[in-house]
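Only one structure is covered here, and it is reproduced in the block below.
Numbering (our numbering), first residue to last: 394 to 588.
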């Protein structure tokens, strides 16, 4: 009898103590669907896409906040291999024009896939080079394009309609129009930068 009362009292105390902890956990993380809070450069969001192979590979696709050469805020694609617990350089360049990973969307099935472009049998290769992702975030915006295939380095993200409010800057996250890719209507991501 005494133990349940103690646990209940402890739970009430933890709720009050947990608010600052919850705020700390929010930084650089997804607060609600499509809202990402960043405290400083180098922070990575929770995944936008989770991509799985037929084998055991799972790669999360997130955003990383960087400062450009001109000091402006930028968001870039970043991957994380859950099985190996290692970063995946989605925008890493393997040739003068191509990144090491590409994103594909198929016209009929609307399936979203990521795949490595680097071949070979090295440790970084995947047992199944087709990792299929959740389909509720991205869509092809140029109807003339039957099939979408682009390296992640060519899928540029923009920060638009930024507003400063109460010590933070809030921006819409968009994909450059010329890419031919956009967010689905029910997914309107925004970044909140703590100043």
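We put the beta carbon where it would ideally sit given N, CA and C, even for glycine.
Best match in the options for proximity to residue i [C-alpha to C-alpha]
i, options, result
"residue 447", "494, 454, 524, 459", "524"
"residue 530", "509, 510, 566", "566"
"residue 477", "451, 579, 470, 522", "451"
"residue 553", "570, 560, 547", "570"
"residue 485", "534, 545, 427", "545"
"residue 557", "587, 461, 581, 522", "587"
"residue 502", "494, 527, 555", "527"
"residue 492", "445, 456, 463, 547", "547"
"residue 574", "562, 540, 564", "540"
"residue 456", "560, 577, 549", "549"
"residue 532", "497, 460, 551", "497"
Classification of residue i by the beta-carbon crowding that lies within 10 angstroms, buried from 16 upward
i, result
"residue 397", "For residue 397, the pLDDT reaches just 39, beneath the cut-off of 50, and the residue's location in the model is therefore unreliable, leaving the point undetermined."
"residue 472", "buried"
"residue 425", "exposed"
"residue 470", "buried"
"residue 462", "exposed"
"residue 438", "buried"
First and last residue of the uninterrupted beta strand (DSSP E) at residue i
i, result
"residue 581", "Run containing residue 581: none; DSSP gives neither H nor E here."
"residue 540", "Element bounds for residue 540: n/a, residue is neither H nor E."
"residue 471", "466-474"
"residue 454", "451-460"
"residue 434", "From DSSP, residue 434 is part of no beta strand (DSSP E); its letter is neither H nor E."
"residue 481", "479-481"
"residue 362", "In this structure the chain extends from 394 to 588, so residue 362 is not present and cannot be described."
"residue 558", "550-558"
Cβ contact check for the segment 498-512 and the segment 422-439: 3 or more pairs under 8 Å: The count of Cβ pairs closer than 8 Å, one atom from the segment 498-512 and one from the segment 422-439, stays below three, leaving the stretches out of contact.
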